[in-house]
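Q: Each number in this note's numbering comes from the position in the sequence shown (counting from 1) with 1014 added on. Cβ atoms here follow ideal geometry from the backbone N, Cα and C, with glycine treated the same way.
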Amino acid sequence: PVPGPSGDGALVTLLLYVPTGTRRCNSNVVRKTTNALETPPPESPPSPPRSLHPPAPALLVIAHPDDECMFFAPAAVRLVGCGVPVRVLCLSAGNFYNQGEIRKKELLESCGALGISLSHITVLDHRDLPDHPRVQWDRDLVSSLILRYIQSHHIGLVLTFDEGGVSGHVNHIAVYYAHSSLLECCGQSTNIIRKYISILDLPISWLRPHDMIYILSSEEYQQARNAMLCHRSQLLWFRHIYLRISRYMLINTLNQIS
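1) Where A1212 and C1244 are concerned, what is the direct C-alpha to C-alpha distance, given to the nearest angstrom?
2) Under 8 Å between the Cβ atoms of R1239 and M1263?
3) What does DSSP give as the partner residue(s) for R1261 in the beta ladder?
4) Scan the region 1114-1173 and note each continuous beta strand (DSSP E) run of 3 residues or more that stays entirely inside, going in chain order.
5) Residues bridged to V1075 by DSSP?
6) Excluding the 5 residues flanking L1257 on each side, which residues of the same chain have their C-beta closer than 7 Å to its C-beta?
7) Select from Q1113, G1178 and E1082 the residue whose C-alpha is nearest the C-alpha of V1100.
8) Measure the C-alpha to C-alpha separation of S1124 and S1260 and round it to an integer number of angstroms.
9) Excluding five sequence neighbours on each side, which residues of the same chain lie with their C-beta closer than 6 Å to the C-beta of T1267?
10) Is Y1210 helix, strand or coil when you go by DSSP?
11) Report the partner residues of I1229 according to the DSSP bridge assignment.
12) Smallest Cα separation from H1078: which of E1120, P1069 and G1170?
13) Could you compute how far the alpha carbon of A1127 sits from the alpha carbon of Y1235?
14) Taking the CB atoms as reference points, tell me whether D1139 and G1114 lie closer together than 8 Å.
15) Under the three-state reduction of DSSP, which class applies to P1223: helix, strand or coil?
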């Protein structure tokens, strides 16, 4: 595990499972995270809270503005709904078409739609990490930036791309391998057919091995969709198709990194 400020592992696992369409959060925290207060049924006598400490923050590590809603909206919406502070670390401003300043503003709007506090959003826009489909990012640099953020903000849960970068973008893949240099990773990529069958992927996702699964209700899907619509500079025709057919607008399945 990655050493945290106190010498303990900085990455711990928060297991959250919420059935489709429900608003209740059933959370089990493994190792050190939690800290939600539990309210017993009305007929039971009150029980003391497990902890008075707030839950450890979760971190979305993304490569470009719009990754947060294209690939991680289900997890972000569910975590925020369960009272977990969600932070976003965006490694570039998405300036490939010289739209960096526009895209940073769109990121703020999108995160606001997902319920993420604007003060919890960081865009690094590092000169050595340009938004480019043919530029390989330096693994050690990305790893050091991520680790520094994890340690300084006492992060308890990190969400990022799988080995295939979800969409295959070289910058996404670089973020995955930056994590692999910190940890032994077990991210499994989803094949292209499953990526684009929307809710029909649910039985497959349910049956395949996973540590966490997040499934959005129709109301929460609309919230995720509204977040994507904030990225007006990126709404080309195929993005509208993506909104309708991508599983990532409804389902996130995550594997524990150990």
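A: On the basis of the coordinates in this document:
1) Looking up residue 1212 in the sequence shown gives position 198. Looking up residue 1244 in the sequence shown gives position 230. Per the sequence presented here, residue 1212 reads as Ser, with Ala not at that position. Approximately 21 Å, taken between the alpha carbons.
2) Locating residue 1239 in the sequence shown gives position 225, counting from the first residue. Locating residue 1263 in the sequence shown gives position 249, counting from the first residue. Cβ atoms of R1239 and M1263: closer than 8 Å.
3) Working through the sequence shown from its first residue, we reach residue 1261 at position 247. None; R1261 has no bridge partner.
4) 1135-1137 and 1171-1173
5) Walking along the sequence shown from the start, residue 1075 turns up at place 61. DSSP lists L1103 as partners of V1075.
6) Numbered from 1 along the sequence shown, position 243 holds the residue referred to as residue 1257. Taken in chain order, the residues that qualify are R1239, M1242 and M1263.
7) To locate residue 1100, count along the sequence shown from 1; it is residue 86. The candidate whose alpha carbon is nearest that of V1100 is E1082.
8) What you label residue 1124 is simply residue 110 of the sequence shown in a count that begins at 1. What you label residue 1260 is simply residue 246 of the sequence shown in a count that begins at 1. Rounded to whole angstroms, S1124 to S1260 spans 18 Å at the Cα level.
9) Mapped onto the sequence shown, residue 1267 falls at position 253. Hits under 6 Å: S1219, H1224 and I1227.
10) Within the sequence shown, numbered from 1, the residue matching residue 1210 stands at position 196. Correct three-state label for Y1210: coil.
11) Mapped onto the sequence shown, residue 1229 falls at position 215. In the DSSP output, where bridge partners are listed per residue, I1229 has I1265.
12) Here residue 1078 is taken as the residue at index 64 of the sequence shown, counted from 1. Comparing Cα positions, the closest option is E1120.
13) On the sequence shown, residue 1127 is found 113 positions in, with the first residue counted as 1. On the sequence shown, residue 1235 is found 221 positions in, with the first residue counted as 1. Whole-angstrom Cα-Cα distance: 11 Å.
14) One-based indexing of the sequence shown puts residue 1139 at position 125. One-based indexing of the sequence shown puts residue 1114 at position 100. In contact: D1139 and G1114 (Cβ atoms closer than 8 Å).
15) For the purposes of this step, residue 1223 is taken as the residue at position 209 of the sequence shown. Here P1223 sits in coil by DSSP.
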